[in-house]
Each structure stands twice: as structure tokens, then as C-alpha cells.
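Below: the structure, in C-alpha cells.
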Amino acid sequence: MANGSAHNPTLPPPDADAPSPLDRDVTRFLEHLRLERRLSTHTVAAYRADLKRLQEWARRERIRDARAITAERLQGHVAELTARGLVPSSIARATSTLRGFVRFLLEVAAIHLDPARHLPTPKAWRHLPDALSEEEMTRLLEPALEPGELGLRNAAIVELMYASGLRVSETVGLRLDGLDLYQGLVRVTGKGDKERLVPVGEVAAARLLDYLRGARPKLVRGRDSGHLFITLRGGAMTRQNCWHMIRRRAARCGLRAISPHTLRHSFATHLLDHGADLRVVQALLGHSDISTTQIYTHVSRERLKEVHRRHHPRG
-1 MANGSAHNPT LPPPDADAPS PLDRDVTRFL EHLRLERRLS THTVAAYRAD
49 LKRLQEWARR ERIRDARAIT AERLQGHVAE LTARGLVPSS IARATSTLRG
99 FVRFLLEVAA IHLDPARHLP TPKAWRHLPD ALSEEEMTRL LEPALEPGEL
149 GLRNAAIVEL MYASGLRVSE TVGLRLDGLD LYQGLVRVTG KGDKERLVPV
199 GEVAAARLLD YLRGARPKLV RGRDSGHLFI TLRGGAMTRQ NCWHMIRRRA
249 ARCGLRAISP HTLRHSFATH LLDHGADLRV VQALLGHSDI STTQIYTHVS
299 RERLKEVHRR HHPRG
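First residue of the sequence shown? That's -1 in my numbering, and the numbers climb one at a time after it.
In C-alpha cells, the structure reads:
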């Protein structure tokens, strides 16, 4: 064979548009993540994005079968991602995806050698969470900030997200039957479809009651979807709806641009500021690994140092 592009003259050349064996392996892996490991839609989408880069690279390299991916070639793919300017955190995630994909191929005997065994793992940048101060949170949570039914709904959303530390996807996915105001609890479906019960708090419960009595019945159109938070048309809110609402609300009360996750960061940081146990915060946030929660302790230490600098005579 003169070069890598030559093919067996007794066989027709492969159809460039037809899925290659590698493409089919990627599809099988993503189905495995979705159906067997039951990962969330967003997590599977992140895997798909990383593997799409692998597939594009394989097409350029004229690689159609995973068995043709050697350790040296796979290192070249990762080096190419670096050269394209991907940040270390993205490369770290892509490397983790490649390792998971290779493990799957080994388990199903699609390959017999591990080309990912020598892949280095770049150290991801670790950004400190961007939390609001307690005074800023008080401004954002002002119930009279917006009028009407949507004002009641939005006040309930931001109060609940801060009171319970919810992710935006968890918030818009809440169901009416998952809320128990008598017990002061809400049932949340988090990453990997894991359920947890989270305390609501008295103020958030009052805001939710205002919304459920004074706004939600007027927003329902036709058959009730059962979602806790609904739009003017009666449908479930989306992550984008929530994101834009919080941005507008922050601008209205003179705060910097924030995201829904800022409320979750503020929830965790303020709990630790007031002496909450790290393991309790981990459970409330739904983190499977304590190291994910520990980053908030760095924020609290920075705040302690800032208070010391401002108020100690020799700070």
C-alpha cells in the first residue's frame, strides 16, 4: 500500500457520507451513556461535542475504524485541540471523554489495545464561584421589584433558588406534586436523574404561596402541565427563560450581570459564612464528590481575609 489513502482495488471505495465503523461506535457509546448509565441530557450533549471533534479529526486523518487509532495518533488529536486554543478545562474534559470512550470500546471488544493509556490530563483552571454579597442578594430578592403575575412568579423563583441552592435546570423542571409547603420541602431531580429532598425555608415558602394563590391559576392555559413554574402561555419555563429573567431582574436593581448559577454559588457561600458543615452543604447541593463543594471554602476564606483587612487596625 503506497499511502494511507489507498484502498483495496477489489472493493469499491467507501461512501464518504456513510457512517464509518468509528461513527457507529460513537453512537453506541452515547446510547450507553443515555440508556444504561442514565446520564442527563446536558451531560450526554457534552460527551457528544467532544466526540464530534474526534470524528472530524478522524475524517481528516482518513481514519474510519477505532482500531486504527494508535496512542501516538490520539496524542496528536489532543495536541491539535490545544493548538486550536481550547482552554485547559475544555481539554481536560475532552481527555476524560476520550478515556471513557476507549474504556467502552475495550469492554465491548471493539478494540484490544488502549490508545488512551498515555494521554496526559491537563490541570483545569479552577474558577472561584461568583457569589453575591448578602446585601446584594437582599436587593435581588425584593418581592416588589416586578409587578403582576410574572412578578409574583419571578420573586418565587429567585427566592427558592437562593433558599434551596437549585440549579436552573432543576428549578424549571420542578413539578407541583414535588412541592410540600406543609413540610417545607421540595423534591429535586438533579444530575444523572438523582432525586433529593431540599428544605425550602419560611420566606421562600411564603413567596411560593403568593405565587400559587395569586399568579399561577391565572397563567394556566388549557390543560395544566403540572410544572411548578409556567410562562404567560401556560407552558413550562425553559432554562433560557429563567436566565433572561434573572439578568433583567439584576439590572433592574442595579447589580452586575449575573447568571442563575450565581444564586446557587451565593447559597453555598453564605451557608459556609454562617458556619454550616461542609458535608451538609454537599448534600444540599447534590454534589456526589466533596471536592466539588470544597471550592466554596476558598471563597469564604477570601471573605474572612477581606473582612480582616477592612476592619482590623493592623489588617
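All residues carry an ideal CB built from backbone N, CA and C; glycine is no exception. Quantities reported herein were computed from a predicted structural model and do not represent experimental measurements.
Start and end residues, alpha helix (DSSP H) containing residue i
| i | result |
| --- | --- |
| Thr187 | Taken as a continuous stretch (DSSP letters only), Thr187 belongs to no alpha helix (DSSP H), being part of the beta strand (DSSP E) at 183 to 187. |
| Pro215 | 214 to 217 |
| Val196 | Run containing Val196: none in the alpha helix (DSSP H); it sits in the beta strand (DSSP E), 193 to 197. |
| Ala44 | 39 to 58 |
| Leu103 | 86 to 105 |
| Ala234 | Counting along the chain, Ala234 falls outside any alpha helix (DSSP H), and DSSP gives it neither H nor E. |
| His75 | 69 to 81 |
| Ala144 | Ala is not the amino acid found at residue 144; the sequence shown has Glu there. That residue, Glu144, is in no alpha helix (DSSP H); it is neither H nor E in DSSP. |
| Asp317 | This structure gives no information on residue 317, because the portion of the chain shown stretches from -1 to 313. |
| Glu168 | 166 to 170 |
Rounded separation between residue i and residue j - CA only
| i | j | result |
| --- | --- | --- |
| Arg137 | Ile256 | 13 Å |
| Thr80 | Thr25 | 25 Å |
| Leu226 | Val198 | 14 Å |
| Ala16 | Ala64 | 16 Å |
| Arg165 | Glu59 | 40 Å |
| Met135 | Gly273 | 19 Å |
| Ala44 | Ala92 | 9 Å |
| Asp191 | Ala66 | 36 Å |
| Ala69 | Leu117 | 8 Å |
| Ala203 | Gly182 | 7 Å |
| Asn152 | Val42 | 30 Å |
| Ala143 | Val201 | Ala is not the amino acid found at residue 143; the sequence shown has Leu there. C-alpha separation (whole angstroms): 16 Å. |
| Leu217 | Ser94 | 44 Å |
Range covered by the beta strand (DSSP E) that runs through residue i
| i | result |
| --- | --- |
| Arg254 | Element bounds for Arg254: n/a, residue is neither H nor E. |
Own chain residues within Cβ distance below 7 Å of residue i, not counting five before or after
| i | result |
| --- | --- |
| Val100 | Asp112, Pro113, Ala114 |
| Thr187 | Glu168, Gly171, Glu193 |
| Gly233 | Ser223 |
| Asp21 | Gln53 |
| Arg36 | Gly190, Asp191 |
Burial state of residue i (16 or more Cβ within 10 Å)
| i | result |
| --- | --- |
| Val106 | exposed |
| Val196 | buried |
| Gln238 | exposed |
| Cys251 | exposed |
| Arg231 | exposed |
| Glu205 | Going by the sequence as given, residue 205 is Arg instead of Glu. Buried: at least 16 other Cβ atoms inside 10 Å. |
Own chain, CB closer than 6 Å to residue i, minus 5 neighbours either side, in chain order
| i | result |
| --- | --- |
| Ser18 | Arg62 |
| Leu150 | Asp208, Tyr209, Gly212, Ala213 |
| Val279 | Ala266, Leu269, Thr291 |
| Arg97 | Ala114 |
| Ile109 | Ala64, Arg65, Leu103 |
Three-state secondary structure assigned by DSSP to residue i
| i | result |
| --- | --- |
| Ile228 | strand |
| Arg205 | helix |
| Asp275 | coil |
| Leu177 | strand |
| Ala248 | helix |
| Ile288 | helix |
| Ala129 | coil |
| Ile61 | coil |
| Glu134 | helix |
| Ile155 | helix |
Any chain B beta carbon closer than 8 Å to residue i
| i | result |
| --- | --- |
| Asp275 | The question asks about chain B, but that chain is absent: this structure has only one protein chain. |
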